[in-house]
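Q: Here's a structure for you.
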Amino acid sequence: MSLELAVAAALFVGVIAYAVLGGADFGSGFFDLTAGSSRRGAELRTLVDHSIGPVWEANHVWLIYVLVIWWTGFPESFAAAMSTLVLPLLLALLGIVLRGASFAFRKYAATLAQARLFGIVFATSSIITPFFLGTVAGGIASGRVPLDGAGDHWSSWLNPTSLFGGVIAVGTCAFLAGTFLVADARRSGQDRLADELRVRALGVGAVTGAIVFAALVPIDHDAPTLAAGLEGRAAPLVVLAGLAGLATMALLWTRRYAVARITAVLAVAAVVSGWGVGQYPWLLVDEVSIVDAAGATATLQGLLVAVGLAVVVVVPPLAYLFRLTQSEAWSRPDH
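The numbering of the sequence shown is the working numbering, which starts it at 168 and goes up by one.
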């Protein structure tokens, strides 16, 4: 593997990690939004707070990781994407900021009305952020980001591929979050809530799966380079995503929630990986390849060293954090 491809692979690992970890985080907002009235939805909203409270800031480490590697290792393509797709990127950033602020403020609201307001902002932002990030991915994958950064500020993300990308991002986040929340509810002994979430997660999974495969038709006309990749080298990943999604649905149906989390993660990772493999070797589709977009050799070497250090310094604490939050180990006296 060349140096350029090694850095691109490290970058894409971050994209997958953010899609899985940040996706489960964002998707919880969908269930918060649809939980019902303050009284009826209190139990579910408490579960959401308990589930994502310890990790929601940690999950954004992967977004920072992706952005730093992209602008350092492939600076010209980063500048082009930031210039052309500035509108959806700003809206996604606004969603991240509003979501974090409202999630924190909701806990300290002085009145029920304030708590409701912050809750609505949190839930809505949790949906619009993955939507606009999905439109960014669609704009790049459909070849609408020229290397000079002078792409149209509207049609670059208001197109079939981008809009389907946004809807699929929201759906996969919600499905992943539902699978995790069901397991959390069962682990904490909230069986009634677990059954309610199970039904919702199954519905979200069915709708999202249908949209994913329906999107292949318009993408075939709107993004031919990506479509050719999805139908060719990325086809095994598309099939894997479908099988993992069906397996997750079956596991939810039979109430095997712990295993369902694993297959749900596999399904989302396969969807994102299929997109990456489908547009390979392009970084900006039909504009510049990974090799041609890469920066100086010394910079790429330095990035790989930094990635190696991050694996040693950052990943173990994150893994321990998720171990604590995905079990009740944190509540035992020896912890």
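Just so you know, even glycine gets a beta-carbon here, dropped at the ideal spot from N, CA and C.
For residue 179, which of 455, 235, 334 and 469 has the nearest alpha-carbon?
A: 235
Q: What does the alpha-carbon distance come out to for the pair residue 183 and residue 342?
A: 16 Å
Q: Consult DSSP for residue 407 and reduce its assignment to one of helix, strand or coil.
A: helix
Q: Considering only their Cβ atoms, is the gap separating residue 328 from residue 387 smaller than 7 Å?
A: no
Q: Give me, in chain order, the residues of the same chain whose beta-carbon lies closer than 7 Å to that of residue 243; leave out the 5 immediate sequence neighbours on both sides.
A: The residues are 314 and 460.
Q: Does the region 193-206 come within contact of the region 442-462, defined as at least 3 CB pairs closer than 8 Å?
A: no
Q: May I ask which residues mark the beginning and end of the beta strand (DSSP E) holding residue 449?
A: Where residue 449 is concerned, the enclosing beta strand (DSSP E) starts and stops at 449-451.
Q: Could you say which of 336, 302, 332 and 334 lies nearest to residue 320 if we only look at CA atoms?
A: 302
Q: So which of 310, 316, 257 and 284 has the shortest CA-CA distance to residue 300?
A: 257
Q: How is residue 323 classed by DSSP in three states: helix, strand or coil?
A: Here residue 323 sits in coil by DSSP.
Q: Using only alpha-carbon positions, find the residue among 222, 238, 254 and 307 that is nearest to residue 445.
A: 307
Q: Let's test the definition: count the other Cβ atoms within 10 Å of the Cβ of residue 398 and tell me whether it reaches 16, buried, or not, exposed.
A: With fewer than 16 Cβ atoms within 10 Å of its Cβ, residue 398 is classed as exposed.
Q: Which residue's Cα is closest to the Cα of residue 492: 376, 223, 422 and 265?
A: For residue 492, the closest of 376, 223, 422 and 265 by C-alpha to C-alpha distance is 223.
Q: What is the DSSP secondary structure of residue 292, reduced to helix, strand or coil?
A: helix
Q: Jot down the residue ranges of each uninterrupted alpha helix (DSSP H) in the region 210-256, minimum 4 residues, whole runs only, in chain order.
A: 223-226, 228-240 and 242-251
Q: Would you identify the three-state DSSP class for residue 187, choosing helix, strand or coil?
A: helix
Q: Could you have a look at residue 387 and say whether DSSP puts it in helix, strand or coil?
A: helix
Q: Report the option in 449, 176 and 421 whose CA atom is closest to the CA atom of residue 393.
A: 449
Q: Span of the alpha helix (DSSP H) holding residue 440?
A: 424-446
Q: Can the beta-carbon of residue 351 be found closer than 7 Å to that of residue 218?
A: Taking 7 Å as the Cβ cut-off, residue 351 and residue 218 qualify as a contacting pair.
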